[in-house]
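The structure appears below as structure tokens.
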Amino acid sequence: MRRLFDPVMTDVLLATALTGLTATSLVTMSDGPPHWQASTLAFLSVAPVALRQWAPVGTLTVIISALVLYGLCGFGAWPNSGLGLVIGQFTVAMLRSRRIAAVTFVATLLTLVVAYHTYPVRLTIPELLQYALVMVIAWTVGDSTRRWALRAERAATKTAEAVVEERVRIAREMHDIVTHHMSVISLQAGVAEYVLDSDPATARTAISTVGAAGREALSEMRRLLDVLRIDHGAESFRPQPGLGDLDDLVARTRSAGLAVDVHVTGRVRALAAGPDLCAYRVVQESLTNVLQHAGPATARVDVDYGDLTLTVRITDDGTKTHDPPPSPDSHGIRGMRERAALYGGVLTAGRHVGGGFRVLLRLPIEEIPS
Numbered sequence: 044m045r046r047l048f049d050p051v052m053t054d055v056l057l058a059t060a061l062t063g064l065t066a067t068s069l070v071t072m073s074d075g076p077p078h079w080q081a082s083t084l085a086f087l088s089v090a091p092v093a094l095r096q097w098a099p100v101g102t103l104t105v106i107i108s109a110l111v112l113y114g115l116c117g118f119g120a121w122p123n124s125g126l127g128l129v130i131g132q133f134t135v136a137m138l139r140s141r142r143i144a145a146v147t148f149v150a151t152l153l154t155l156v157v158a159y160h161t162y163p164v165r166l167t168i169p170e171l172l173q174y175a176l177v178m179v180i181a182w183t184v185g186d187s188t189r190r191w192a193l194r195a196e197r198a199a200t201k202t203a204e205a206v207v208e209e210r211v212r213i214a215r216e217m218h219d220i221v222t223h224h225m226s227v228i229s230l231q232a233g234v235a236e237y238v239l240d241s242d243p244a245t246a247r248t249a250i251s252t253v254g255a256a257g258r259e260a261l262s263e264m265r266r267l268l269d270v271l272r273i274d275h276g277a278e279s280f281r282p283q284p285g286l287g288d289l290d291d292l293v294a295r296t297r298s299a300g301l302a303v304d305v306h307v308t309g310r311v312r313a314l315a316a317g318p319d320l321c322a323y324r325v326v327q328e329s330l331t332n333v334l335q336h337a338g339p340a341t342a343r344v345d346v347d348y349g350d351l352t353l354t355v356r357i358t359d360d361g362t363k364t365h366d367p368p369p370s371p372d373s374h375g376i377r378g379m380r381e382r383a384a385l386y387g388g389v390l391t392a393g394r395h396v397g398g399g400f401r402v403l404l405r406l407p408i409e410e411i412p413s
């Protein structure tokens, strides 16, 4: 389904509207033509909103700098009451980590202090607190939006995994049924061949059984294909992810607010689908645990392609523990250990020296011929 509004275009239109309102306010607030320096700084306090999703911190930095200079130069009250500042703080809280949002929030408070001392009509303490309250609300709403988006993404992922697991379960059951029918067909065909000349009646019965079993097997195969053809859009036909998709995973994690560094060593090469998927899922689950349980933190992912062993290490510097109890649906650390053991690997997890948490995966690997 196509979106009615493109987010980037919406931001451009918003910035254009704010710039127009700013130009109008500059004209109405001044007796004569507005000073070009005042106009430039006023426009810089709202125009960067067009780039807020691409560079939220940079956008807010430009807005703060413009408003501070606007006040220090004695140009008077902020144009549009600092609306660009509110939007910028909301965006940083929504798209970046709490640590970064906290730093920018302090910067916005300092901007309010500058405004307090430079407004032509001195702000009262209640007015200053009102501005500060607006910034707190912007931060809170942005942070809540970020956490809601993260929960929604995890819920969607779990739902998709549950659908896949159920389809696999059904496919296995149908596989057993079809295998049974094929065994019957093989046995009865052998009987018919053996007694074809000596006992035609028994042979006909056996052939009839073969036909019935074949029709039943064909029916079950059609049901199996119907299960496997369930179409949920293009995603249904996308291959299982692997370490080749690590950059996309890290990009999504960064957009959720976690700073992640990735280091890959060794001779990078194609791996068997099973171990490749296993390594990817371990990284995915570990980064998700950091986001949910580690508090303000940064994470590092190290991937080493050895000659016979793939080593994946995920560490963070969070202050909280994030060793959640193993869940019955195979998620969490127990699920990662079971997945690693399935491919002959070993996974360890726990706090490491210096604070934070570490997940270490070692998998035996075989190179896939190109």
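For any residue, its number in our numbering is found by taking its place in the sequence shown, counting from 1, and adding 43.
Ideal Cβ placement from N, Cα and C applies to all residues, glycine included.
Predicted model only: the values in this text are computed from it and were never measured.
Other residues of its chain near residue i: CB distance less than 7 Å, five sequence neighbours each side excluded
i    : result
G349 : G309
V424 : Residue 424 lies beyond the residue range present for the chain, which begins at 44 and ends at 413; the question has no answer from this structure.
Residues sharing a beta bridge with residue i, DSSP
i    : result
F118 : The partner list for F118 (beta bridge, DSSP) is empty, contrary to what the question assumes.
T354 : D347 and R405
D359 : A342 and F400
Enclosing beta strand (DSSP E) for residue i [first to last residue]
i    : result
T308 : A302 to G309
I3   : Absent from the structure is residue 3, since the part of the chain shown begins at 44 and ends at 413.
A342 : T341 to Y348
A90  : A90 -> no beta strand (DSSP E), and no H or E assigned at all.
T391 : V389 to R394
Endpoints, the alpha helix (DSSP H) within which residue i is located
i    : result
T147 : R141 to T161
L138 : L126 to L138
Beta-carbon contacts of residue i that lie in its chain and below 6 Å, excluding the five residues immediately before and after
i    : result
T245 : V238
P169 : none
V253 : I228, Q231 and A232
L84  : A109, L112 and Y113
D359 : V333, A337, A340, A342, G399 and F400
P371 : No answer about P371 holds up, because its pLDDT of 34 lies below 50 and its placement is not dependable.
T183 : none
L403 : R356 and T391
G185 : F133, A136 and M137
Y458 : No information on residue 458 is available, as it lies outside the stretch 44 to 413 that the chain covers here.
Burial state of residue i (16 or more Cβ within 10 Å)
i    : result
W79  : exposed
A136 : buried
M379 : buried
I180 : exposed
C116 : exposed
R189 : buried
R324 : buried
Q283 : exposed
G276 : Unreliable positioning characterises G276 in this predicted model, as indicated by a pLDDT of 49, which lies under 50. The coordinate reading is nonetheless provided below. With fewer than 16 Cβ atoms within 10 Å of its Cβ, G276 is classed as exposed.
N123 : buried
Q132 : buried
T67  : exposed
Nearest to residue i (by Cα), restricted to the options the options
i    : options                  : result
R95  : I107, D54 and V344       : D54
L87  : T71, W97, W121 and R189  : W121
I376 : E328, V184 and C321      : E328
V105 : L353, T151, D288 and L57 : T151
T154 : I107, L385 and L390      : I107
Contact test: residue i Cβ vs the ligand FMN heavy atom, cutoff 8 Å
i    : result
Y174 : For the structure depicted, the ligand FMN is absent and the ligand set is empty, with no information on it obtainable.
Closer than 9 Å to chain C by CB, residue i
i    : result
L351 : Checking the listed chains, one finds no chain C in this structure; it contains a single protein chain.
Close beta carbons around residue i, own chain, < 8 Å, minus the five adjacent residues each side
i    : result
R194 : none
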